Structures are given as structure tokens and as C-alpha cells.
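Contents: one structure, followed by commentary.
2 protein chains.
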Amino acid sequence: MKGFKKLTPLSEAIHSLLKLLTHRIRDVEVVEISDAPGRVCGENVYAPIDSPAYDRSAVDGYAVIAEDTFGAAPTNPIELKLIGRIDAGYNSLKLPALKPGHAIEIMTGAAIPPGSNAVVPAEHAKKRGEIVEVYSQVHPYQNISRRGEDYSRGELVLEKGQIVKPWHIGALASLGLHELKVVRKARVAILSTGDELIELGQPLKPGKIYNSTKPMLKALLSVYGAEPIDLGLVGDDLDLIKKKVSEGLDHADAIIVTGGTSIGERDLVPEAISDLSDFMIHGLAIRPGKPTGFAISSGKPIFMLSGFPVAALIGFRVLVIPALEKMLGCRFDPPPRIRGRLTRRIASPPGIRTYARVRIYREDDEILVEPLRVTGSGILSTLTRGNGLLVIPENVEGYDEGEEVEVEILQPIHAGGEYQG
Amino acid sequence: MKGFKKLTPLSEAIHSLLKLLTHRIRDVEVVEISDAPGRVCGENVYAPIDSPAYDRSAVDGYAVIAEDTFGAAPTNPIELKLIGRIDAGYNSLKLPALKPGHAIEIMTGAAIPPGSNAVVPAEHAKKRGEIVEVYSQVHPYQNISRRGEDYSRGELVLEKGQIVKPWHIGALASLGLHELKVVRKARVAILSTGDELIELGQPLKPGKIYNSTKPMLKALLSVYGAEPIDLGLVGDDLDLIKKKVSEGLDHADAIIVTGGTSIGERDLVPEAISDLSDFMIHGLAIRPGKPTGFAISSGKPIFMLSGFPVAALIGFRVLVIPALEKMLGCRFDPPPRIRGRLTRRIASPPGIRTYARVRIYREDDEILVEPLRVTGSGILSTLTRGNGLLVIPENVEGYDEGEEVEVEILQPIHAGGEYQG
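So the protein sequences, as listed, match chains A and B.
Start counting at 1 in the first sequence, then tack on 159, and there's your number in the numbering used here.
Start counting at 1 in the second sequence, then tack on 159, and there's your number in the numbering used here.
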């Protein structure tokens, strides 16, 4: 049986991965902006118009000539003649130019009339029939949103590679844009290997286990905006693994092969993949997930992840996510994190990066972090009982009870409770 | 024209909202687990079987009777007779009981054979033909994942109200479960009001602006797993607003009305909604978003959000998100946050909670937070130029230059760059 002669430090593995991964997803597709959130923007978007398209009032009040109000004060109101009213949406640009000594009532958002250069807020003035008394002076362009103040024509609004957010949709819509080019989704093929696996929906037989890693990986891929392609399940058969991976490489941007990393005397999956690739790292200095690795075939990545779901999740996190970012030219949101105090000591072997599952909870206004006891990398319940992940770097041998650590939040600390606006 | 006589503190508004919001979404629907991520779990899920379903080996090695290895050491190897090999997936439960002095080669994940109670790891033993030399002793159940160790039959796996994550899919699949009851999506109707608005796709006319708030809110609702229902766009017309909101209440779990919060002498939207509801708060002590409010009609919430997209985003965040959590019985993930040093002073009026848009960037290993200059709540570019939000509480009048603050990350700090595994 083979052990791992050398475990590659994670940073070294990621460095090689990002250097050798030359495949890029450059195809774009045009979608309605309502379908764009979460997609990777595929073009630099420049404002086609000024926004606002005209100088508009930022308050409810009175459009005036600023100079007419100079010296106005509660003790020295200045009277202006009220000549009309502009509701929001009214085309005030067709009005004749405002004359000195005149004012027009105006609503927030309405275009200010020609000749006017400031707005007196309603609360600083009083209407008396056809007269408005102004109690405070305004300087030119006070209370006016200038044309192009939000976006001026030709300005960069959204950059290629940004993940589209709801407020980007707002920005695009404000400029009249209802479509956007987005990068097509990454296609990631998944091949499960292992004679012990059976697929969901079939009855469980002695010695067999349900393939839980594949549905989890499919869900992860969806969460990261990728399209999973199912290459099925093969037994511990070298030629079949090679054939499937080879087929997958024709259609997918990346391949994930799970399980079968050390079967008997032979490491079947690494052996199969080695034949198909130009470069391979197998065995990472991480825990769980030691039998994790990747290979590069014509610039595309082939990931070898553990068949155990928790180790596969960590492998996905450390290798697949950065590879997706590189291929798509984007950067995903960082996970939420929180600082808390360890309820007991946790150890990590030197030179190994440990991803410890923890339970984060609140007690008397303090955030506490309890490391969960685990026996193997197959123990999914540490992720469903716990709600956090503590990363212990290679150069740290652990943390003491009471020490403050930063943990990643996998699940909100309270299910329910008061919202922290 | 009406100002706001009294601005309600946000905490008071949220308190009333959560107290009076009695409408609950209790309907569930059954989905394939692949469609479940991001949905709200609609049932307590208990393990239908033990997982693992049998005692299995946690390592590649040799299944033995632990007592046979007592005293084994590199200087004192113990010889056992090798009687066979169990590959992963093999039904070893049908084997005859292991006899004292015997060992069976076994792969990780395989069921241990009857009679055996421990596994010697491959690296602590050496195979010599039909003999295996054991170099270290194992205690009973060492290197064995016990039956039910991950989940024992009847144990709670996933709780009603949890947002389904990829690792939950893994847990359900490991137990052979391929379907899940999830809470139906919240249906939130959106009505835009304002004579100045035109919908996307139409040519822009003088005095008009594109309705950018609605597409943004629809995107936000989708991100939070809710289903937007479009009630269209109405002008500043009291009766029409009432009719539309009333219709919306028949089908939706909540209504959002944007704009029209203070049109001329009358606050049309609050007036319309007041007639339809039992309780109303209008005018919040937040910035931007002062003309934000909500009403309750037969236990359902009606939100009044600004017609300006940035203010509407803040209103959504402070009122709609907690209401969705209450109606669905769930809790959404907290946003990612980071601490950084302010590049310049930022002020906030006393008694007002300010949501300042900031640019977060890295300089020489330090995180810097630059408050963006804004002129109005309609300025979307502060969200697309910036990448963060700084919340200044009511009892703080601002932060000084150089002060350390915690900010919410709206967009990753670098587009590209090295992944922080």
C-alpha cells in the first residue's frame, strides 16, 4: 500500500495550480438583467447616458435663482413670486426661463426649470397664496442633483469579472440598460469512483455506502455559479477512469474525480490521471483532505478529491474555488467570519493546515467557539451539528483554551432571534 | 408639504414589526435534494438509518482482534496469519468470524469482518506472503468508524428553518434521502409609484427617469430566496395605489411600495396604506432612507421604501430581511465583514443610524476604509464605485480619521488576486 511520501504545502499547490491553469472561459452570453445577479459580468459597461439625465431637485421645495435668496433669514424673509408648480415627471425643460424674483414649487426628483439654479427646501419657506417667503439663503446648485452626477455618459459602471449584485442591476436599469453580457457558466464534470458506492435511490446493500459526496459537490458547484456535469460512477477500474476523465475533458472546463485515491497497492485515480496530464500534485498538507490533489491537462484542471464528503468539501474550498476564479476572471465573496473565544484547547500537527469544525455560540454577550471532536473525515455530522470552521495554519500547533480565534461562519449563530440591522 | 414630525428609531421600528407581523409561511413543498440548496428546510429530518450502516475501517490496513496485537512494537513484531482481503464495497458481513491469530487486509471504508474489533494501519505492519507482521498494538475499536457514529437512526439531522447548505445535501444523501420538504418561497409583491417613472425598454423622456428601484428589489428578493410579484407602476394616484396594494395583499405574503412617500401636500402612499392597515410607522431615524416605513394589514407587512435605489436598498435591509426571516422561520447568513482604518473623518447626525458607503482597499498589508462623498440618496454609483457599507449607530456622531471600524463587504476587496484559503 502506498502512503504519501511527501505532502505538498497548500500555498505551494495553489501557486502551481494558478500558474499552470491556462484555460480561460471567455464565451459570453446576453441575459436580461433580472437573470444577471450572481453571474460574472462579461463586459465593461459604460454609461450610455448621463444619470441623472438633467439637473433635478434633491428635495421638495422651491426652484429659485440662488442670488435672489442671498441674505434671507428667519428674521429677514425674502418674498418671491410663486409662478407655478413642477411635479415629478413633468417636462420642465420646455418652460420659459425663470425670471429674477420668481419661484416655482418643485417636487423631489423633478427637473429644475431653465433659469433656476437652486432649490429652497419646503421647510425653509412658507407659501402665502402667490407669494413664497424664503427664510434661508441657498447657494448656486444647492439641493440640486447635477446632470451626470451619478453616472456621466461614457463612465465605467460595471467591470468585466465582477459578480453581478442587486445594486448593479439598479445601476444598469437607471441607465436604461436591460440586458448584460455575462460569462457563460463554468462546466465542471464530476466522476465518482469506488466499488463501495451506490447512487441515491437504490437500496443500501451490506458493505456499500450511498454516494453523498457527488450531490454535495453538485450543490457546491451551483452555489458558486458553475454547471455540474455528471460523469457517473465507476468502480475501481483504471481504464474506465481514464476513459471517463478523457471524455470529460472534451466537454468540461474542469474535472473533479472523487475517491479511489489509494486502493490497495495502486493509487488508481492518480495513476489514471497521471497518464492524461502534464503536471500533478497528489497529497496535500491539509487535514482533512490529505489525499487531495490536482493535475493539469492541456491547461485544464483535474481535481482529485476525497470520497469522504467533509474532506471533499475542504478540497473543493482550497483548490476548486480559486481555479474557478481564475478561469472565470472573477472573485467570489469572502465567507462571513467572527471572532470568538475557544472553549477548549485544539491541537494541529506541525506543517499541516487544519480545517477544524467548530460550534459557534453566544453566551452572555460573548462569542464562544467549541471545537468538535471528530474521528474521521467522513463525519458529516460535524458540519451539521457545528456551524463554523476554524483554520489552523501550518506554523501553528494549535490554540489554547480561552484564546481568541477567528472562525468562518457556516450557518448563522442563532436560528431565529433578533436581526442585527 | 409634510415633513416628518417624528422619526422612529430603527430598533423600535423593528421591534414593532416583528411583534405585529403574525403572518407565517407554513406551506411546504417536496423538492429533490439537488434543488434544495438555499431553500428553507420545512421539516425536522431524522436519520432513517445508522450512518455508517456498519462498523467500517477508517484506514487502509489489517482487520484484527485487538487483543492479538497487545505488546506489538517495532522491536517486537507480532505475526498474524493473513487470510484474505476486503475491498471497499465488499459484503464482509457474510464472512465467517475472524479467528484469533488471523488478520484480513482491509481498505478504507470497508465493513470490518465479524469477529474483528480493530484495524492496524498499513504503515504499522508489513505483509510477508501469508503472514503480516504487526509493529504496534491497537486497542479495541481503534481505526474503526462505528456504526451510527456519524448519524444514529432517529437522530435529528436537519432542523426546520435552517437554510439548506451543500453539506446538508451531503448529509441527506449519506442517509439515502433524495427528497426534502422545504418551505415555499415567500411571495413579495412590488408596486412602484411616481409620475416621473418609466419602465425599462421605453425611450427616456424629459423629466422622466427609469424605474431602477424595482429591478434592484426584484434581484434582492431573488437573492434572499423570495419570489417577486410585479404589481406594476402607478402614478401618484391615491385610489389606484390603494386598489393595487389591496389586490397584492390577497396573493402575496408581503408588499413593497416604493416612492410617493411625500408628494406635495399629501403623503400619498402612507395615506393609501394607512386606510388599509392596522398599524403604521412612517419615517425612520436612518440615513439614507428617512421616508421608510411599514404598516401591518391582517398580520402581513406592507413596506414603504424610498423610490431612490440606495435608500430602498437600506430600507430592504433593515425591514424586509428581518420580516422575511420571521415569516419563513429562518435566519439568513450574516454578510461578510472586515475591520479597517478610516482614511478620513466621517460624521453622522446624533440619533440617526447612518449607512455610509465606503471603499475598502488594501495598502501595504493594511485594510483602509474610505468614506465616499455623496450628495443624495439616489446616487447608485456610491455602491458600484465603493465596495462596502459602514453602519454608524445612533449614539455615535461619527468616527475620526485613523479610527478602526468594522465594515460590511459588498464586493470583494480585490477583483482577482490571490485566494485566501
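Quick reminder that beta carbons are idealized off the backbone N, C-alpha and C, glycines included.
All values reported here derive from a predicted model rather than from experimental measurement.
- Non-local C-beta neighbours of A262(A) in its own chain, meaning closer than 6 angstroms and more than five positions away in sequence, comprise Y221, V223, L239, L241, V291, ordered along the chain.
- The three-state reading of DSSP puts E308(B) in coil, since its state is none of H, G, I, E or B.
- Residues of the region 538-565 of chain A with a C-beta atom less than 7 angstroms from some C-beta of chain B are I538, L539, S540, L542, T543, listed in chain order.
- If you ignore the 5 residues before and after A281(A), its C-beta comes within less than 6 angstroms of the C-beta of D219, G220, all in its own chain and listed in chain order.
- The shortest CA-to-CA distance from S304(A) to any of L478(B), L501(B), F467(B) is the one to F467(B).
- Comparing C-alpha distances from P362(A) to each of D354(B), L356(B), I551(B), G335(B) shows the shortest one belongs to G335(B).
- C-alpha of G391(A) to C-alpha of H441(A): approximately 23 angstroms in a straight line.
- Taking 8 angstroms as the cut-off, the Cβ atoms of A330(B) and T543(A) count as close.
- Of all residues in the region 295-319 of chain B, only S304, E308, D309, Y310, V316, L317, E318 come within less than 7 angstroms of chain A when Cβ atoms are compared, listed by chain position.
- Look at D389(A) here: in three-state DSSP terms it is strand.
- At least one C-beta of chain B is nearer than 8 angstroms to the C-beta of V382(A).
- Close partners of Y213(B) in chain A (Cβ separation under 8 angstroms): P365, G366.
- Listed along the chain, the chain B residues whose CB falls inside 7 angstroms of the CB of Y249(A) are G366.
- With contact defined as three or more Cβ pairs closer than 8 angstroms, the region 319-327 of chain A and the region 186-196 of chain A are in contact.
- Of all residues in the region 346-357 of chain B, those with a C-beta nearer than 8 angstroms to a C-beta of chain A are G353, D354, E355, L356, reading in chain order.
- For H337(A), the chain B residues whose C-beta falls within less than 9 angstroms of its own C-beta are L359, G360, P374, listed in chain order.
- Exposed is the label assigned to G230(A), since fewer than 16 other Cβ atoms lie within 10 Å of its Cβ.
- Boundaries of the alpha helix (DSSP H) around K402(B): 397-410.
- Listed in chain order, the beta strand (DSSP E) elements of length 3 or more contained wholly in the region 484-570 of chain A are 496-501, 512-522, 525-530, 547-551, 563-568.
- Check the Cα spacing between G458(B) and each of L180(B), P552(B), E171(B): the tightest is with L180(B).
- Taking a 10 Å sphere around the C-beta of F462(B), we find 16 or more other C-beta atoms and assign the residue as buried.
- At the C-beta level, Y213(B) and P365(A) come within 8 angstroms of one another.
- Apart from the 5 residues on each side of it in sequence, K377(B) sits with its Cβ closer than 6 angstroms to the Cβ of P387 in its chain, given in chain order.
- Three or more beta-carbon pairs separated by less than 8 angstroms link the region 182-192 of chain B to the region 469-489 of chain B, which places the two stretches in contact.
- Residues of the region 489-501 of chain B whose Cβ lies closer than 9 angstroms to any Cβ of chain A, in chain order: C489, R490, F491, D492, P493, P494, P495, R496, I497.
- The beta-carbon of G230(A) is placed no less than 8 angstroms from the nearest beta-carbon of chain B.
- The three-state secondary structure of V479(A), taken from DSSP, is helix.
- Inter-segment contact for the region 510-525 of chain A and the region 549-557 of chain A is present: three or more beta-carbon pairs are separated by less than 8 angstroms.
- Using a Cβ-Cβ cut-off of 8 angstroms, D246(B) counts as an interface residue toward chain A, since at least one Cβ of chain A sits closer than that to its own.
- Under DSSP, the beta-bridge partners assigned to N235(A) are A232(A).
- DSSP places L179(B) in the uninterrupted alpha helix (DSSP H) bounded by 169-179.
- Per DSSP, the continuous alpha helix (DSSP H) segment holding V382(A) begins and ends at 372-382.
- Using a Cβ-Cβ cut-off of 8 angstroms, L472(B) counts as an interface residue toward chain A, since at least one Cβ of chain A sits closer than that to its own.
- Under the 10 Å beta carbon count, L379(B) is surrounded by 16 or more other beta carbons and is classified as buried.
- Near chain B, meaning a CB-to-CB distance below 7 angstroms, no residue of the region 501-512 of chain A qualifies.
- Put simply, of R312(B), S333(B), P207(B), G384(B) the residue whose alpha carbon is nearest the alpha carbon of R346(B) is G384(B).
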